[in-house]
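Colleague: First the structure, then my questions, so here it is.
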Amino acid sequence: MGTQEEKPFLNSIAIHEKQRGGDPLEDIITRYTSDRPPLILKHEYLRSDYVPTALPHRTEHIKAVGNVLATVLRPVKPSNLFIYGKTGTGKTAVCRYVFNRLSDAVSEKGFDIRFVYINCRLAGTEYRVLSELCAAAGVSVPFTGVSKGELFRRFQTAANRLNSSFVVCLDEVDALVKAFGDDLLYELTRANIGLGWVSLVGISNDLLFKEQLDPRVLSSLSEEEVVFQPYTATELADILRERARAALRPGAVGEDVIRLCAALAAAEHGDARRAIDLLRVSAEVAEREGAEKVEEQHVRRAQSLIEKGRVKEVISSLPLHSRLVLLAVYTVSRKGSETTSGTLYNTYREYCVSLGLDPLTDRRVSTLVSELDMLGIVACDLISYGRHGRTRRIKPTIPFDEVAEILGKDEALSQFLDGLS
DNA sequence: CCTCCACCGGAACTTACGGAGT
DNA sequence: ACTCCGTAAGTTCCGGTGGAGG
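What follows is the structure, encoded as structure tokens:
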């Protein structure tokens, strides 16, 4: 969920393309075999996870992070470091950039200091974070079956034997702590591995995250802190200009398109990742059309494409009961009545009964609704009807047709949509 | 001012499952 | 074959709670 990796936008675009008479592939083939160089020369430079050699407007941050970690070159254990900032402010890119440089410098000097980057949200569990640590220490561990304590012990013995030290970056560490508490962080900050040491670089995009930490963990983890501010529209434009220069055919994007992408992304918290995604998809749209250059209309289309793609992706990966709940939200609100937890649950239960399914409890449905809320496909607020109780009011956030289109693909669900669109 | 509805949401517990180790 | 472990989904239990109506 959340941020998107590479998406097959290409397919959906290709399908929408009108078929003219004759060979439907002819257009495409001539386009791809023509002598004219393609719009996009280097796809990888337009991926948001690519770490460029230069990071515009982040020199100060690179210096700050570098200053803290540079003691590895002595080699002395660096202070633990905490990095805060919203999504797409360059935290990950800066961290990886510094890691790359320092890792080279360290191996030139012949020290065995290993730089490990772990994304806690992608790893998902404490167990998998630990197993990535073990992998960095050169021990392979089973996917499951061993206790966390055992895993930690294996990491320590391996590190001990190698006599090496670690700088571990825990990206999106707030996700880990929210789900599993800060025990692992506590263990790591005081890990004792013989002559070596473990330094932590925690990255969080939740600014209130600190409050969830045990004071002991907090004090040792944030010996040093660096805060990342969101990019402004002009800064985003600089970033996009860099990427476009590296990735696209010269002259393929005008200044107006860069500015537009930057402005659209800046409106959404100055998220550089979104800005770059937007530019990439815009270029892809233009490319597929055989356009000479990327125009404003391509950007607009790319934006709605990204949004639709996100919604579709999220909804179609929902488990059955969540989809039934979602369906109930949209059908009830379609009938005009206000959707409260009670009415929602009743409709949901009817659907379950007519499908021959055991309905989940209201408590469970309540958390499913919260999940849908967090995914942004419904919107909830808590209201009180006084004597008549307190409940959540659940409102749809996406046009009914779009949801109906996606949910309707399921035979079982489409029957409930009949006569509503 | 107090009551009491119709839920919310935290926490502990249960069940099912799949893999490891022995 | 059997035990131990982690994960995921779900249930049971229960202590709140904002505010219209008494």
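In the working numbering, the protein residues as written are 208 to 628. Positions of the beta carbon are idealized from the N, C-alpha and C atoms, including for glycine.
1) Using C-beta distances below 8 angstroms, list every residue in its chain close to Val539, excluding the 5 sequence neighbours before and after it, in chain order.
2) Have a look at Lys500, Val313, Arg423 and Phe607 and flag the residue whose alpha-carbon is nearest the alpha-carbon of Ala277.
3) In three-state terms, what does DSSP make of Ser406?
4) Kindly indicate which three-state DSSP category Gly563 falls into: helix, strand or coil?
5) Please state the DSSP three-state secondary structure of Val374.
6) In the DSSP output, what is Ala586 paired with across the bridge?
7) For Phe350, count the other beta carbons within 10 Å of its own beta carbon; 16 or more makes it buried, fewer makes it exposed. Which is it?
8) Roughly how many angstroms lie between the CA atoms of Thr345 and Lys385, to the nearest whole one?
9) Reducing DSSP to helix, strand and coil, say where Phe318 ends up.
10) Tell me which residue opens and which closes the beta strand (DSSP E) that Leu358 is part of.
11) With DSSP as the reference, identify every bridge partner of Ile400, one or two as the case may be.
12) For the pair the stretch 376–384 and the stretch 324–333, tell me if three or more CB-CB distances fall below 8 angstroms.
13) With a threshold of 16 other CB atoms inside 10 Å of the CB of Val374, please say whether the residue is buried or exposed.
14) Tell me the DSSP bridge mates of Arg487?
15) Have a look at Pro603 and Leu262 and give me their C-alpha separation to the nearest angstrom.
16) CB-CB under 7 angstroms to Leu280, same chain, minus the five flanking residues each way: which ones, in chain order?
17) CB Leu392 to CB Val353, shorter than 8 angstroms?
18) Buried or exposed: where does Arg487 fall if 16 or more other Cβ atoms within 10 Å of its Cβ makes it buried?
19) Kindly indicate which residue of Thr266, Leu620 and His505 has the alpha-carbon position closest to the one of Ser489.
20) Looking at the unbroken beta strand (DSSP E) that takes in Ile290, where does it start and where does it end?
21) Go through its chain and collect everything with a Cβ distance to Tyr438's Cβ below 6 angstroms, but skip five positions before and after it.
22) Can you check whether the CB of Asn287 is closer than 8 angstroms to the CB of Leu428?
Modeller: Taking the coordinates as given:
1) The residues are Thr546, Thr550, Leu551 and Thr554.
2) Of the candidates Lys500, Val313, Arg423 and Phe607, the one whose C-alpha sits nearest the C-alpha of Ala277 is Val313.
3) Assigned with DSSP and collapsed to three states, Ser406 falls in strand.
4) Gly563 falls in the coil class under three-state DSSP.
5) DSSP places Val374 in strand when its eight states are reduced to three.
6) DSSP links Ala586 through a beta bridge to Lys602.
7) Phe350 is exposed by the Cβ-count criterion.
8) It is Gly, not Thr, that sits at residue 345 in the sequence shown. The straight-line gap from Cα to Cα measures roughly 29 angstroms.
9) Shown here, Phe318 sits in coil according to DSSP, grouped into three states, outside any helix or strand.
10) For Leu358, no beta strand (DSSP E) segment is defined; the enclosing uninterrupted segment is the alpha helix (DSSP H) at Lys355 to Leu369.
11) Beta-bridge annotation (DSSP): Ile400 is paired with Gly403.
12) Cβ pair count under 8 angstroms is three or more, so yes.
13) Looking at its Cβ environment, which holds 16 or more other Cβ atoms inside 10 Å, Val374 is buried.
14) Looking at the DSSP assignment, Arg487 forms no beta bridge with any residue, so it has no partner.
15) Computed Cα separation, rounded: 40 angstroms.
16) Around Leu280: Ala312, Val313 and Lys316.
17) Not closer than 8 angstroms, so no.
18) By the 16-neighbour rule on beta-carbons within 10 angstroms, Arg487 is buried.
19) Cα-wise, what sits closest to Ser489 is His505.
20) For Ile290, the uninterrupted beta strand (DSSP E) segment begins and ends at Leu288 to Gly292.
21) The residues are Gly477 and Ala479.
22) For Leu428 and Asn287, yes; Cβs fall inside 8 angstroms.
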